[in-house]
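For reference, the structure is listed below as structure tokens.
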Ligand code: SF4
Ligand code: SF4
């Protein structure tokens, strides 16, 4: 039977809850390569509640540090609006400071894995994810206009660098198929431990809604389906109605039936918690978001010959080797290979690359 911890917490007392999570779900980290993956959806202020709060990340980093891992990386691939701004997203949110010397731009190095030809035959996953012995995922307690809630399972969508996220959105084409995609991405590498920032929850039309709610909890589990089921229940949403949880159960990833989950702590429905409009299809009806998704699927980098010095940095750093130098000493992109991660734009010392 899966277990889920619900522990009272503020950002000042997050360490107590994190200690309790590690007591209940003790990971063996000694001499292991550990990745901590917060939810860094986009550049924003910590108090906007869009990303995992730095206090939670810092408490987990300190805990892991004391368990003598062989190595520790803190990283994520921001979403749609900040593909090319990994460092900036960490900096603005305060997560860069919380990660300290362990921050890595994990979008700079990726490897391809087979995916589902119905959507995309291959996807590129950050090498830091594939190389980790242990992954600790730090989702947030939020609503989502397409999946209704976004927690432990959806946090793994960030293992994909760059515009692949938008391409998969587009390839899915409907909310139903997108739920399937989310579960398939999660299955590429299931994290080992989940510690959810539910100190402040997001309600309404997440995942970047201005409507916040004091929840005053940190949740934890070693099973994402059970954890998301408990989160949904607290929000007043029947987990059995969530398509991604049904898909996850079909895939053998866990149980959302509360009778089959041991809850450690007090499970109570938060009165009047606002779920997204349109029963979780609000993003499909949002023209601005749809235009952004479509725009991001057709971007390709182009170097300005007036600015480019032919230094090759972008060619060397492209995580999927999509760039090569032409005889004119200017990089050219293979659009079939490019995953639109914006790394070349971010890394070019001459600011010569734009995505067009
Ligand atoms: S990193 Fe910039 S300057 Fe260097 S080759 Fe690429 S586009 Fe040109
Ligand atoms: S060409 Fe640029 S945007 Fe495309 S995958 Fe390589 S680094 Fe990323």
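Residue numbers (my numbering): 42 to 397. Think of the CB as a built atom: it goes at the ideal place given N, C-alpha and C, for glycine as much as any other residue.
Would you list the one or two residues that DSSP bridges to residue i?
{"i": "residue 194", "result": "None; residue 194 has no bridge partner."}
{"i": "residue 48", "result": "259"}
{"i": "residue 78", "result": "178"}
{"i": "residue 114", "result": "76"}
{"i": "residue 373", "result": "365"}
{"i": "residue 167", "result": "151"}
{"i": "residue 183", "result": "191"}
{"i": "residue 85", "result": "DSSP output for residue 85 lists no bridge partner at all."}
How is residue i classed by DSSP in three states: helix, strand or coil?
{"i": "residue 150", "result": "coil"}
{"i": "residue 242", "result": "strand"}
{"i": "residue 343", "result": "strand"}
{"i": "residue 189", "result": "strand"}
{"i": "residue 254", "result": "strand"}
{"i": "residue 395", "result": "strand"}
{"i": "residue 285", "result": "helix"}
{"i": "residue 388", "result": "helix"}
{"i": "residue 272", "result": "helix"}
{"i": "residue 235", "result": "strand"}
{"i": "residue 143", "result": "helix"}
{"i": "residue 399", "result": "This structure does not reach residue 399, given that the chain is present from 42 up to 397, and the question cannot be answered."}
{"i": "residue 92", "result": "coil"}
{"i": "residue 304", "result": "strand"}
Between the C-alpha atoms of residue i and residue j, what's the straight-line distance to the nearest angstrom?
{"i": "residue 152", "j": "residue 313", "result": "44 Å"}
{"i": "residue 50", "j": "residue 196", "result": "21 Å"}
{"i": "residue 238", "j": "residue 309", "result": "17 Å"}
{"i": "residue 135", "j": "residue 368", "result": "43 Å"}
{"i": "residue 213", "j": "residue 201", "result": "16 Å"}
{"i": "residue 194", "j": "residue 108", "result": "26 Å"}
{"i": "residue 386", "j": "residue 355", "result": "8 Å"}
{"i": "residue 186", "j": "residue 394", "result": "33 Å"}
{"i": "residue 47", "j": "residue 256", "result": "11 Å"}
{"i": "residue 104", "j": "residue 45", "result": "20 Å"}
{"i": "residue 199", "j": "residue 294", "result": "19 Å"}
{"i": "residue 283", "j": "residue 218", "result": "13 Å"}
{"i": "residue 271", "j": "residue 72", "result": "33 Å"}
{"i": "residue 359", "j": "residue 166", "result": "13 Å"}
{"i": "residue 68", "j": "residue 233", "result": "8 Å"}
{"i": "residue 106", "j": "residue 62", "result": "16 Å"}
{"i": "residue 346", "j": "residue 127", "result": "26 Å"}
{"i": "residue 353", "j": "residue 366", "result": "7 Å"}
{"i": "residue 92", "j": "residue 191", "result": "12 Å"}
{"i": "residue 172", "j": "residue 211", "result": "28 Å"}
Verify the contact flag: residue i, CB atom, against every heavy atom of ligand 3, threshold strictly below 6 Å.
{"i": "residue 364", "result": "Summarising the ligand content, the structure contains ligand 1 and ligand 2 and does not contain ligand 3."}
For the stretch 68-80 against the stretch 214-228, do three or more pairs of beta-carbon atoms, one drawn from each stretch, fall closer than 8 Å, so that the two count as touching?
no
Examine the Cβ distances between the stretch 113-121 and the stretch 257-269 and report whether three or more of them are shorter than 8 Å.
no
Length at least 4, wholly inside the stretch 200-228: the alpha helix (DSSP H) runs in chain order
205-213
Any chance the stretch 154-162 sits against the stretch 364-379, with 3 or more Cβ pairs inside 8 Å?
no
At a cut of 8 Å, does the stretch 238-249 reach the stretch 173-191 through at least three beta carbon pairs?
yes
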